[in-house]
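Structure record follows, encoded as structure tokens.
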Amino acid sequence: NNPFSQDDIDIQQQETAYHGFFRILKYRLRHRLFGGGWSKTLTRELFVRGDSVGVLLYDPQRDCVALAQQFRIGCMANPTGAWVWEVVAGMVKPGEAVVDVAVREVAEETGLQIIAAQLSPICSYYSSPGGTDEHLHLYCAVCDLSHAEGVYGLAEEGEDIRIHCFKRD
4 NNPFSQDDID
14 IQQQETAYHG
24 FFRILKYRLR
34 HRLFGGGWSK
44 TLTRELFVRG
54 DSVGVLLYDP
64 QRDCVALAQQ
74 FRIGCMANPT
84 GAWVWEVVAG
94 MVKPGEAVVD
104 VAVREVAEET
114 GLQIIAAQLS
124 PICSYYSSPG
134 GTDEHLHLYC
144 AVCDLSHAEG
154 VYGLAEEGED
164 IRIHCFKRD
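Quick note on our numbering: the sequence shown kicks off at 4 and runs consecutively.
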């Protein structure tokens, strides 16, 4: 139960701090407090990312999942390396339906053709709300992964994505 609404946020200033591949907004604001009254004026940056979609690919016949491995700049300091395993994922563009993005990303990153009926919602959540507005919609797609392994991605987007199947356990 949330006792607050948008009316309980007082935005005093908003500016674009950076606009490149991503955008960062800088705010001066205050908000209502649980104990009553207002917070002090805070300065916060918001990494504007928007909605994204992730798809866990599952093959019930082979009892395996397929994951994507690719270079991720946010993992450069990762002791095991910057090439990490993750679900197939992509960003939602303005006006796109989330399930359409899921279908598109699976095709681009794996070569598999799925349909919306194969998607089962797992959950939706804000990935790191302390600093980004990214809202992730996670699905499971039941599909045949017998020919899924390989290297995929869109060259024009600089993608180099390896797909590998792992036993469910």
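Just so it is clear, CB atoms sit at the ideal spot from N, CA and C, and this is done for glycine as well.
Query: Going by DSSP in three states, D11 sits in which element: helix, strand or coil?; Result: helix
Query: When the distance is taken between beta carbons, is W88 closer than 9 Å to H167?; Result: yes
Query: Which residues does DSSP list as the beta-bridge partners of F169?; Result: V68
Query: Apply the 10 Å Cβ neighbour rule to E112 and answer buried if 16 or more other Cβ atoms are within range, or exposed otherwise.; Result: buried
Query: Keeping to the same chain, check which residues put their C-beta closer than 8 Å to that of D13; ignore five residues upstream and five downstream.; Result: L32, R33, H34, W41
Query: Terminal residues of the continuous alpha helix (DSSP H) containing A92?; Result: Run containing A92: none in the alpha helix (DSSP H); it sits in the beta strand (DSSP E), 91-94.
Query: Give the list of continuous beta strand (DSSP E) stretches no shorter than 3 residues that lie fully inside the segment 71-124.; Result: 86-89, 91-94
Query: Going straight from the alpha carbon of R107 to that of Q16, what length do you get?; Result: 38 Å
Query: Do Y21 and L148 have their CB atoms nearer than 9 Å?; Result: no
Query: In angstroms with no decimal places, state the Cα-to-Cα distance between G153 and L36.; Result: 52 Å
Query: Going by alpha carbons, who is nearest to L139 out of V91, C78, R171, D163?; Result: V91
Query: Considering only residues of the same chain and omitting the five flanking positions on each side of V51, which have a CB-CB separation below 8 Å?; Result: F25, R26, I27, L28, T135, D136
Query: So what's E160 in DSSP terms, helix, strand or just coil?; Result: helix
Query: When we look at the beta-carbon of Y155 and count the other beta-carbons within 10 Å, is it buried (16 or more) or exposed?; Result: buried
Query: Between the Cα of A151 and the Cα atoms of E162, I117, L157, which residue gives the shortest distance?; Result: I117
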